[in-house]
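Beneath this line is the structure, given in C-alpha cells, with notes to follow.
Residue numbers (the numbering used here): 1094 to 1214.
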C-alpha cells in the first residue's frame, strides 16, 4: 500500500525555519509515504519572498522528520533563478523536483516559467 497525504499546516509568512518545523509535525502525524504541501508552503504565498536554498539548515527539521517516517515530502518555495518550485524532501535531503511552468497574474514579472511536467521516482 502506498499512502498519500495532503497537508496544510499553519504558515508564518517568510519564516522558513518555523514553516519547516510545522511541515515536519505534519509529516510525523500523516503516517504516509508521500505528503504533499501547497505551493509556496515554506514561505507563505509571499511573492517577494527570498529564494529558499535547498541546502538551508532551516530545512533540517523537515529532512529529519522525513527520514524518521520514511516519507517523501513535496513542499513549495521560491528558488534561485526566479522560479516557484516544488522541493522533494526525504532522508537524503532536499532537491528541486519541479519548477512551476504556468505562472500567472502577479507572478508574471517576478517569476519565470519553469520545467515541463516531470515524474519523481
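Yeah, the Cβ is synthetic: ideal placement off N, Cα and C, and Gly gets one too.
{"Item": "Spatial distance of residue 1193 from residue 1202 (CA atoms)", "Value": "14 Å"}
{"Item": "Which of helix, strand or coil DSSP assigns to residue 1186", "Value": "strand"}
{"Item": "Residue closest to residue 1196, alpha-carbon to alpha-carbon, out of 1190, 1213 and 1178", "Value": "1178"}
{"Item": "Classification of residue 1154 by the beta-carbon crowding that lies within 10 angstroms, buried from 16 upward", "Value": "buried"}
{"Item": "Endpoints, the beta strand (DSSP E) within which residue 1125 is located", "Value": "Where residue 1125 is concerned, there is no enclosing beta strand (DSSP E), given that its DSSP letter is neither H nor E."}
{"Item": "Complete alpha helix (DSSP H) runs within the segment 1131 to 1197 (minimum length 4 residues, chain order)", "Value": "1153 to 1162"}
{"Item": "Residue environment, residue 1211, which counts as buried when at least 16 other CB atoms sit within 10 Å", "Value": "exposed"}
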